[in-house]
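Protein chains: 2
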Amino acid sequence: MSIESQATRDRILDAAERLFGLNGFPCASLRQITDEAGVNLAAVNYHFGSKEDLYKAVLIRRIRPVNEERLTRLGQAEQLAGDQPVPLRAILDTFIRPLLRRAANELPGGMPFLRLISRDLTDPQPFMLDEMVREFDPLVARYTRVLTQTLPGIPLSELFWRMQFTIGGMLYAAAHQHDFERTSCGLCRENDLDGCLRRLIDFCAAGLQAPLTKAAMQPAASTLQQNALLHYQ
Amino acid sequence: MSIESQATRDRILDAAERLFGLNGFPCASLRQITDEAGVNLAAVNYHFGSKEDLYKAVLIRRIRPVNEERLTRLGQAEQLAGDQPVPLRAILDTFIRPLLRRAANELPGGMPFLRLISRDLTDPQPFMLDEMVREFDPLVARYTRVLTQTLPGIPLSELFWRMQFTIGGMLYAAAHQHDFERTSCGLCRENDLDGCLRRLIDFCAAGLQAPLTKAAMQPAASTLQQNALLHYQ
DNA sequence: AGACGATTGAAACGATTGTTTTAATCAACC
DNA sequence: GGTTGATTAAAACAATCGTTTCAATCGTCT
Numbered sequence: 077m078s079i080e081s082q083a084t085r086d087r088i089l090d091a092a093e094r095l096f097g098l099n100g101f102p103c104a105s106l107r108q109i110t111d112e113a114g115v116n117l118a119a120v121n122y123h124f125g126s127k128e129d130l131y132k133a134v135l136i137r138r139i140r141p142v143n144e145e146r147l148t149r150l151g152q153a154e155q156l157a158g159d160q161p162v163p164l165r166a167i168l169d170t171f172i173r174p175l176l177r178r179a180a181n182e183l184p185g186g187m188p189f190l191r192l193i194s195r196d197l198t199d200p201q202p203f204m205l206d207e208m209v210r211e212f213d214p215l216v217a218r219y220t221r222v223l224t225q226t227l228p229g230i231p232l233s234e235l236f237w238r239m240q241f242t243i244g245g246m247l248y249a250a251a252h253q254h255d256f257e258r259t260s261c262g263l264c265r266e267n268d269l270d271g272c273l274r275r276l277i278d279f280c281a282a283g284l285q286a287p288l289t290k291a292a293m294q295p296a297a298s299t300l301q302q303n304a305l306l307h308y309q
Numbered sequence: 077m078s079i080e081s082q083a084t085r086d087r088i089l090d091a092a093e094r095l096f097g098l099n100g101f102p103c104a105s106l107r108q109i110t111d112e113a114g115v116n117l118a119a120v121n122y123h124f125g126s127k128e129d130l131y132k133a134v135l136i137r138r139i140r141p142v143n144e145e146r147l148t149r150l151g152q153a154e155q156l157a158g159d160q161p162v163p164l165r166a167i168l169d170t171f172i173r174p175l176l177r178r179a180a181n182e183l184p185g186g187m188p189f190l191r192l193i194s195r196d197l198t199d200p201q202p203f204m205l206d207e208m209v210r211e212f213d214p215l216v217a218r219y220t221r222v223l224t225q226t227l228p229g230i231p232l233s234e235l236f237w238r239m240q241f242t243i244g245g246m247l248y249a250a251a252h253q254h255d256f257e258r259t260s261c262g263l264c265r266e267n268d269l270d271g272c273l274r275r276l277i278d279f280c281a282a283g284l285q286a287p288l289t290k291a292a293m294q295p296a297a298s299t300l301q302q303n304a305l306l307h308y309q
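Here you go:
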């Protein structure tokens, strides 16, 4: 592979990342992408095979370093903790920071990539499902192990749900971070990585270690609560 | 409008809801929709004007009752609380239950609608933005007022972010509820409205009333934390 | 210099899209 | 009972899509 052909590959990847992120996979046409990249239309099929394969390449190019950084930071945190359990907020930091960092212009990708990965994790393209599972499988194993050590009082079934809520909050914040300045009436400034990260960790740490309600400890006894309002009074 | 034409309108709306929810707006074609509805292709443009207007009609038909139910339940909760602030978990229940209820076959719409609304709130179709703001504006005003009364210690700027995380967790859970049974290795059963609702409320209530970290109380002093791991040890 | 594989360029292909058009059918009313 | 307006049916429209084809060009070797 020559050095110029690598340049066209990269230009295609950059343009595709931006347009897939802004418009989504179905609405970003190859002609838009190749025009913006300044390359010929046929270059996509020549270098990547198909539109779907281009999409895979765009996602994998960014997700893999993010997940590697997550595991690296988690390893450092474990080392630092010694034989003590890793502090919950440190675990969350290793998980969230590598992603949100990409939107703060600290690293390539930026806002379009965050919208792209957020969209594809909340609403996956069918042909990406297997690929995604393969990329995230090692993470699931490592984080569940660390979390069960840090939060020994939380049953695994509860932990599973709470991690889903954590991921949901993270992805929603990642996708909308740049809209918040406009929709928050001045309560949020753009590109405030530290602020967003701290708030998200505050929120999710509290949620993850929330005390168990009666229903959570006796799941078999939970029944439909007809009037939930009374229950909370 | 005759009674049969209303029937074709409804058949189109039902089929569109299912296919928009499953495949997304761009990938669900009008021919798919009209075939499944058993009506002629031109009926969509005749009754709704365009594909975009059909999409609007599909969303509004379900969102409006959900938001009305939210405000009704919130009103009941306020009445029940008297001059006391409404309990946080009760507020969250009025907000989340009317949506998740739709997926538990308690009400029409079901899983496709939840995927649809979840997708359009996390990744809105551009032409729906104004319509959505109009539908949700009254909610924002009411819920921020009630929440500031219940959580007087949380600054508005923090509350804004925490509500975004709450919404993100709710939408993610709503969209994936039916996948969890498959991906959770038996930790989650499908259609468990009460279980999902309780866990989500446990999580978000703890997150919303989480104690403020130093950075949250002195936002001006927050600087980029180069090595966040040490910070948590 | 010449030959060969890799890459690019321009054009066309077949399929599908949302929309429009035109005629046929239906229901209701004077 | 014939007429009018609403609704449905079938066909065609123009545009765009991803992909393929084939010749032209480039870079790199012998």
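Here the protein sequences come in this chain order: S and Z. Counting from 77, one number per residue, gives the positions in the first sequence under my numbering. Counting from 77, one number per residue, gives the positions in the second sequence under my numbering. Don't be surprised by glycine CBs; every beta carbon is placed ideally from N, CA and C. Remember, predicted model here, so these are calculated numbers, not experimental data.
So that I know if they touch, is there some Cβ in chain Z lying closer than 8 Å to that of residue i?
i, result
"S:Q240", "yes"
"S:P161", "no"
"S:D111", "no"
"S:R195", "yes"
"S:A217", "no"
Find the residues of chain S that neighbour residue i, judging by a C-beta separation of less than 7 Å, and give them in chain order.
i, result
"Z:L176", "Residues of chain S passing the Cβ test: none, with the nearest at roughly 12 Å."
"Z:L263", "L232, S233, F236"
"Z:A282", "A282, G283, A286"
So that I know if they touch, is there some Cβ in chain S lying closer than 8 Å to that of residue i?
i, result
"Z:H254", "no"
"Z:L276", "yes"
"Z:P214", "no"
"Z:G97", "no"
"Z:A83", "no"
"Z:A179", "no"
"Z:L300", "For Z:L300, the predicted model reports a pLDDT of 36, less than 50, meaning its position is unreliable and no value from the coordinates is stated."
For residue i, which residues in the same chain have their Cβ closer than 7 Å to its Cβ, ignoring the five residues on either side in sequence?
i, result
"Z:L276", "I172, G245, M246, A249"
"S:G100", "R195"
"Z:H252", "none"
"S:V115", "T84, R87, I88"
"S:A133", "L89, F124"
"Z:L168", "I277, C280, A281"
"S:G229", "none"
"Z:R107", "L117"
"S:A166", "A153"
Apply the 10 Å Cβ neighbour rule to residue i and answer buried if 16 or more other Cβ atoms are within range, or exposed otherwise.
i, result
"Z:S194", "buried"
"S:D196", "buried"
"S:D278", "buried"
"S:A118", "exposed"
"S:F124", "buried"
"S:R221", "exposed"
"S:Y219", "buried"
"S:I79", "exposed"
"Z:E93", "buried"
"S:V209", "exposed"
"S:E144", "exposed"
"S:L232", "exposed"
"Z:K185", "According to the sequence displayed, residue 185 of chain Z carries Gly and not Lys. Counting Cβ neighbours within 10 Å, Z:G185 comes out buried, since at least 16 surround it."
"S:A113", "buried"
"Z:C261", "exposed"
"S:Y131", "buried"
Chain Z partners of residue i, CB-CB under 7 Å?
i, result
"S:S126", "What S:S126 touches in chain Z: nothing, since even the nearest Cβ is about 16 Å away."
Run down chain Z in chain order and give the residues with a C-beta less than 8 Å from the C-beta of residue i.
i, result
"S:T289", "R274, D278"
"S:P102", "G100, P102, C103"
Near residue i, which residues of its chain fall below 6 Å by C-beta distance, leaving aside the five closest residues on each side in sequence?
i, result
"Z:M187", "A179, H254"
"Z:L192", "F96, G97"
"Z:F203", "E128"
What in chain S is Cβ-close to residue i, meaning under 8 Å?
i, result
"Z:I139", "Result: empty, since nearest Cβ-Cβ is about 18 Å, beyond 8 Å."
"Z:L247", "T198, G244, Y248"
Starting from residue i, find everything on chain S with Cβ-Cβ shorter than 9 Å and list it in chain order.
i, result
"Z:S260", "S233, F236, W237, Q240"
Starting from the beta carbon of residue i, find every residue of chain Z whose beta carbon is closer than 9 Å, and list them in chain order.
i, result
"S:A62", "Nothing can be reported for residue 62 of chain S: it is not among the residues displayed for chain S, which extend from 77 to 309."
CB-CB under 8 Å to residue i, same chain, minus the five flanking residues each way: which ones, in chain order?
i, result
"S:Q225", "P161, V162"
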